[in-house]
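Comments concern the structure below.
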Amino acid sequence: MSWQAYVDNNLVATGKVAKGAIFGHDGSLWATSSNFSITGDEAKKLIAAFGDISDIAANGLYLEGTKYVFLRNPDKSIYARNGATGITAVKTNQCVLIGFYNETQQAGDCNNVVEGLGSYLVGAGY
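Taking the UniProt record's numbering, the leading residue of the sequence shown gets 1, the next gets one more, and so forth.
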């Protein structure tokens with residue numbers, strides 16, 4: 001399966017994730033939904049937060065130019081929100097998955113979908 005298919009079929013098509021992307025640990029974009037536009041700097045800052053959460057915990061996380069308030073980072077995940085919307089990010093051995101939920105979607109559902117795909121990719125060696 002292509003990386004784009006993972007975003008389209010395993011994230012967005014679930015109806016639990018409004019948009020999403022997959023990045024390499026170096027910040028390179030592997031795949032993204034058509035309605036998602038993140039800068040390389042934003043991706044790199046998110047990826048760096050998996051090693052040191054203090055910056056986004058103090059200053060928030062900016063994605064698509066929007067500030068998200070850091071909530072917590074259990075295990076290999078980062079949760080952040082902006083009002084009724086938010087993100088779930090998961091780090092695997094080789095990539096970072098980002099899923100966004102909107103006002104009509106539930107944070108917990110988004111978390112389950114993104115973390116489920118992350119677990120699958122880890123099991124597949126990614």
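Glycine is no exception: its CB is placed at the ideal position from the N, C-alpha and C atoms.
Inter-residue Cα distance where the pair is residue i and residue j
i, j, result
"Gly20", "Leu11", "7 Å"
"Gln94", "Asn9", "20 Å"
"Thr14", "Asn112", "11 Å"
"Thr85", "Gly125", "31 Å"
"Lys45", "Val17", "22 Å"
"Gly83", "Phe70", "12 Å"
"Met1", "Lys76", "23 Å"
"Gly65", "Ile78", "18 Å"
"Phe23", "Gly60", "20 Å"
"Ile38", "Gly123", "27 Å"
Which of helix, strand or coil DSSP assigns to residue i
i, result
"Ala84", "coil"
"Ala89", "strand"
"Lys19", "strand"
"Tyr6", "helix"
"residue 127", "With the chain represented from 1 up to 126, any question about residue 127 goes unanswered, as that position is not in the structure."
"Lys76", "coil"
"Ala31", "strand"
"Gly118", "helix"
"Ala124", "coil"
Classification of residue i by the beta-carbon crowding that lies within 10 angstroms, buried from 16 upward
i, result
"Ala43", "buried"
"Ala80", "buried"
"Ala5", "exposed"
"Tyr120", "exposed"
"Gln105", "buried"
"Gly99", "buried"
Cross-strand partners of residue i (DSSP beta bridge)
i, result
"Gly38", "For clarity, residue 38 is Ile in the given sequence; the question names Gly instead. Beta-bridge pairing links Ile38 to no other residue."
"Gly99", "Gly20, Thr88"
"Lys67", "Tyr62"
Item to check | Any 3 or more C-beta pairs closer than 8 Å across the stretch 49 to 67 and the stretch 81 to 92 | outcome: yes
Checklist entry - Does the count of Cβ pairs from the stretch 17 to 34 and the stretch 93 to 113 closer than 8 Å reach three? => result yes
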